[in-house]
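There are 2 protein chains.
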Amino acid sequence: MISSATLGLSSHRLPPQPPRCSTPEPNPKSLSEPQGRKHKGSNQLNRWSRARSIRSGRKLDRLHQRTTQRLELNPQVQNPKESENGEASSLTGSDGYDDVEANFGKAIFMVSDGTGWTAEHSVNASLGQFEHCLVDRGCPVNTHLFSGIDDVERLMEIIKQAAKEGAMVVYTLADPSLAEHAKQVCKLWGIPATDILGPITEAIASHLGVLPSGLPRGAPGRNFPLSEDYFRRIEAIEFTIKQDDGALPQNLHKADIVLAGVSRTGKTPLSIYLAQKGYKVANVPIVNGVKLPKSLFEVDPEKVFGLTINPVVLQTIRRARAKSLGFSEEVRSNYSEMDHVREELEFARRTFAQNPVWPVIEVTGKAIEETAAVILRLYHDRKHKCSMPRISKLY
Amino acid sequence: MISSATLGLSSHRLPPQPPRCSTPEPNPKSLSEPQGRKHKGSNQLNRWSRARSIRSGRKLDRLHQRTTQRLELNPQVQNPKESENGEASSLTGSDGYDDVEANFGKAIFMVSDGTGWTAEHSVNASLGQFEHCLVDRGCPVNTHLFSGIDDVERLMEIIKQAAKEGAMVVYTLADPSLAEHAKQVCKLWGIPATDILGPITEAIASHLGVLPSGLPRGAPGRNFPLSEDYFRRIEAIEFTIKQDDGALPQNLHKADIVLAGVSRTGKTPLSIYLAQKGYKVANVPIVNGVKLPKSLFEVDPEKVFGLTINPVVLQTIRRARAKSLGFSEEVRSNYSEMDHVREELEFARRTFAQNPVWPVIEVTGKAIEETAAVILRLYHDRKHKCSMPRISKLY
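As given, the protein sequences belong to chains D and P, one line each in that order. Residue 37 in the UniProt record's numbering sits at position 37 of the first sequence; the count goes up by one each step and never skips. Residue 161 in the UniProt record's numbering sits at position 161 of the second sequence; the count goes up by one each step and never skips.
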């Protein structure tokens, strides 16, 4: 197997799997029914959950935990799993998309009173530490994002469902009372839970000597002033889109960063990633036998970055690309056959050698975000020639 | 003041502020000198840091903390602040970019053995809780990102510098020995420190019953397989770029999500944000008096989202836009004058009213990421008609 994805955007895995839908059932022990909404677990869901728990041996642990913690239980609060009485049934759904549970994956519930992107980003980064065991290696994980959860009833409902599905809960709740509620309820029910935003917010509050607002992003009291930053970022994205794939070479001098590389070295997604961080990026394709635009050699060479890649990996990517684009056999082989790939990379290598100021970044095995990190580190180091390289921002 | 930025990409503030460069000085007490690199603090830096500490009263706290913690100090390890003997000097630099410290901002050092994006994302989200007091309200914060820090020497150097600058340290270190080192050293020196990745990784490890790899992203042992996801995401980005601003209306049926709205409702940055999450997005501009493409009314209406905005805010954004594009006076007033703005929004409103299945999203005061969260929530709810709405993924 090719062990690298040059363009892998590992921080945002895809495609988002649709939720496993559940049919409503009567919910015998309602702790705090949601107002105006009906979100209930299904029998099938409970059976799956139970079967999974039994197989994983987790149910026993959970029971033990519950026994221990029952001592401090509020008598009104009972573990929603007690209402389960389903049995293990077939765990294979007809459609992988609609039966996420059928994958035997362990579930992670991400709950936020804002967008939930911080929880998603952190969980994703953390799951990067378990890549050796995820879906291909028999240890699949299903994440479920619940965003905009800003009242206790819906929060409770989700935590109850987490208990049913044997999920762990991670939360980013700006509202301190919601966060405290999540903490207490998870503790009472023996649900593993992690507060993502709380510890760093507390540390910053103490560092600044200022209390946090307790308002999630998008709350009515929050402001998003039309700042210079705002206009600059929009401009960077629009510029980058217009400059994509060698368009408008006369504008290269307006770019902050210029990427040069052969087709399928990830120039476009990398450009877009950098643009979202506020850099105007232009990218220039290197095509064997096609003259590069004169302006590429006229701009400040300190802002040009060459991209290179292992030929075998490149060929694999190009073959998939040619197939998905429906290239004819002839075009396809010209684009992705090894001789052609090697010649084109050699042409790129010579171009880079003639421009020794351009750093050449090996993208093989790097996710987009990693290549971006390397480029920005070099970009800031070169621009500021610091004794201690860093990327600094003012808030 | 207009208190909203419809398009504010609040998760990625911009522009990145270049580091305040320091000239090398002899470093009298070297704990663990970096090998092959010379990164040293400047006298000026120390003076600024000291002055800031004195003004903030933090130095005293820190001293107190140090006294308490000295009891457990390793005798070899001394607080690098002790080597300071500078005095407060002018704190105003000639150039805001190169003198970040001159803003009197409190510093946050973000240290990672990977890309550092998780630390940056979390700190940014957390700083969202302090928007009431940041740069405009006399409580500026400077963040400094140190990525790819994968040996103890460089880690020590940065923590030492954090002590000199009175910074707090947040870290995402996949390597457990590095993380432990950071924790211990910060504790010894009384530097406030937060481990961003550790707690969630530990919780997931315990949930999965699997040990984390301890390898940062991009480490040689890590794999990024050329998965289906990978190709799908690249395709989404490329599709979205090609479809931007109403291009290729004949391809609207290929999009997962179609956005329709008047100019400057944030269609482009929102499309790009969603594309990076793997959705193919097309956007269709609504222009007063211009017929919308027939295909917009032929595609599945459940995937079309209308965007609307407060006219006063829109006018402000358009004025800035017209100015930056150098529109002539005449074009400018046609684009951004209030009568025109209202008429165009009314035209959009009528279009939306005629297509009642399209949800209409009010983007005023929402950052791109928030609008995206609303759209994805609706998108997944509609697609899967679940009793408990969620966005699920399989890892």
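Quick reminder that beta carbons are idealized off the backbone N, C-alpha and C, glycines included. Since we're looking at a predicted model, the values are computed, not measured.
Check: Answer yes or no: the CB of methionine 156 of chain P versus the heavy atoms of the ligand MN, is any distance below 7 Å?; Outcome: Inclusion of the ligand MN in the displayed structure is not the case, the ligand content being empty and no account of it being possible.
Check: If you follow the alpha helix (DSSP H) that valine 313 of chain P is part of, which residue opens it and which one closes it?; Outcome: 311 to 325
Check: Decide yes or no for the touch test of the stretch 372 to 390 of chain D against the stretch 114 to 121 of chain P: beta carbon pairs closer than 8 Å, at least 3 of them.; Outcome: yes
Check: In the structure shown, what three-state DSSP assignment does arginine 390 of chain P receive?; Outcome: coil
Check: For chain P, find out if any of its Cβ atoms is closer than 8 Å to the Cβ of cysteine 186 of chain D; answer yes or no.; Outcome: no
Check: By alpha-carbon positions, which one of D:Pro311, D:Val341 and D:Lys303 ends up nearest to glycine 365 of chain D?; Outcome: D:Pro311
Check: Let's see if you can read the secondary structure: which residues bound the alpha helix (DSSP H) around serine 126 of chain P?; Outcome: 117 to 127
Check: If you drop the 5 nearest sequence neighbours on each side, which residues of the same chain put their C-beta closer than 7 Å to that of glutamine 250 of chain D?; Outcome: Ser295
Check: Closer than 8 Å, Cβ to any Cβ of chain D: which residues of the stretch 141 to 175 of chain P, in chain order?; Outcome: Val141, Asn142, Thr143, His144, Leu145, Phe146, Ser147, Gly148, Glu157, Ile158, Gln161, Met168, Val170, Thr172 and Ala174
Check: Could you say which of P:Lys291, P:Ser122 and P:Leu197 lies nearest to aspartate 175 of chain P if we only look at CA atoms?; Outcome: P:Leu197
Check: In the structure shown, what three-state DSSP assignment does valine 341 of chain D receive?; Outcome: helix
Check: Name the residues in the stretch 239 to 265 of chain D whose C-beta lies less than 7 Å from a C-beta of chain P; which are they?; Outcome: Ile241 and Asp244
Check: Less than 8 Å between the CB atoms is what I'm expecting for serine 336 of chain D and arginine 319 of chain D, so what's the real figure, rounded?; Outcome: 5 Å
Check: Given asparagine 334 of chain P, which residues of its chain have a CB within under 7 Å of its CB, disregarding the five upstream and five downstream residues?; Outcome: His340
Check: Under 8 Å between the Cβ atoms of isoleucine 272 of chain D and threonine 240 of chain D?; Outcome: yes
Check: Taking buried to mean at least 16 other C-beta atoms within 10 Å of its own C-beta, is histidine 253 of chain P buried or exposed?; Outcome: exposed
Check: Helix, strand or coil for isoleucine 149 of chain D per DSSP?; Outcome: coil
Check: Buried or exposed: residue 456 of chain P, going by 16 or more other Cβ atoms within 10 Å of its Cβ?; Outcome: One cannot answer for residue 456 of chain P here, as it falls past the ends of chain P, which runs 1 to 395.
Check: Does leucine 45 of chain P come out as helix, strand or coil in the three-state DSSP assignment?; Outcome: Annotation note: pLDDT 35 at leucine 45 of chain P (below 50); position unreliable, coordinate value reported separately. Here leucine 45 of chain P sits in helix by DSSP.
Check: Near isoleucine 391 of chain P, which residues of its chain fall below 8 Å by C-beta distance, leaving aside the five closest residues on each side in sequence?; Outcome: Leu376, Arg377 and His380
Check: Measure from the alpha carbon of glutamate 298 of chain D to the alpha carbon of each residue in D:Ala255, D:Pro389 and D:Val135, then state which is nearest.; Outcome: D:Ala255
Check: Hey, does arginine 50 of chain D have any beta-carbon neighbour from chain P nearer than 8 Å?; Outcome: Low confidence applies to arginine 50 of chain D: its pLDDT is 36, below 50, so where it sits in the model is not reliable enough to give any reading.
Check: Tell me, to the nearest whole angstrom, how far the beta carbon of methionine 168 of chain D is from that of proline 192 of chain D; I am working on the premise that it is less than 8 Å.; Outcome: 4 Å
Check: Please list, in chain order, all residues of the same chain as valine 123 of chain P whose beta carbon is under 7 Å from its beta carbon, the five residues on each side excluded.; Outcome: Ile108, Met110, Thr143 and Val170
Check: Looking only at DSSP bridge pairs, what is residue 419 of chain D linked to?; Outcome: Lying before the first or after the last residue shown, residue 419 of chain D is absent from chain D, which here runs from 1 to 395.
Check: Tell me, to the nearest whole angstrom, how far the beta carbon of lysine 267 of chain P is from that of leucine 259 of chain P; I am working on the premise that it is less than 8 Å.; Outcome: 5 Å
Check: So, is the C-beta of threonine 308 of chain P closer than 8 Å to a C-beta in chain D?; Outcome: no
Check: What is the rounded straight-line gap between the Cα of valine 331 of chain P and the Cα of glutamine 354 of chain P?; Outcome: 30 Å
Check: Can asparagine 288 of chain P and glutamate 329 of chain P be called in contact, C-beta distance under 8 Å?; Outcome: no
Check: Could you name the residues of the stretch 362 to 383 of chain P whose beta carbon sits closer than 7 Å to any beta carbon of chain D, in the order they occur along the chain?; Outcome: Gly365, Lys366, Ala367, Glu369, Glu370, Ala373, Arg377, His380 and Lys383
Check: Determine the chain D residues that contact arginine 319 of chain P at a beta-carbon separation under 8 Å, and present them in chain order.; Outcome: Under the 8 Å cutoff, chain D gives no residues; its nearest Cβ is about 10 Å from arginine 319 of chain P.
Check: Beta carbon of glycine 246 of chain D, beta carbon of valine 284 of chain D: below 8 Å?; Outcome: yes
Check: If you reduce the DSSP assignment to three classes, tell me which class threonine 364 of chain P lands in.; Outcome: coil
Check: Rounded to the nearest angstrom, what separates aspartate 113 of chain P and serine 177 of chain P at their Cα positions?; Outcome: 12 Å
Check: Using 8 Å as the threshold, is the C-beta distance between phenylalanine 130 of chain P and proline 212 of chain D below it?; Outcome: yes
Check: At 7 Å on the CB atoms, spell out the chain D contacts of glutamate 302 of chain P, in chain order.; Outcome: Residues of chain D passing the Cβ test: none, with the nearest at roughly 14 Å.
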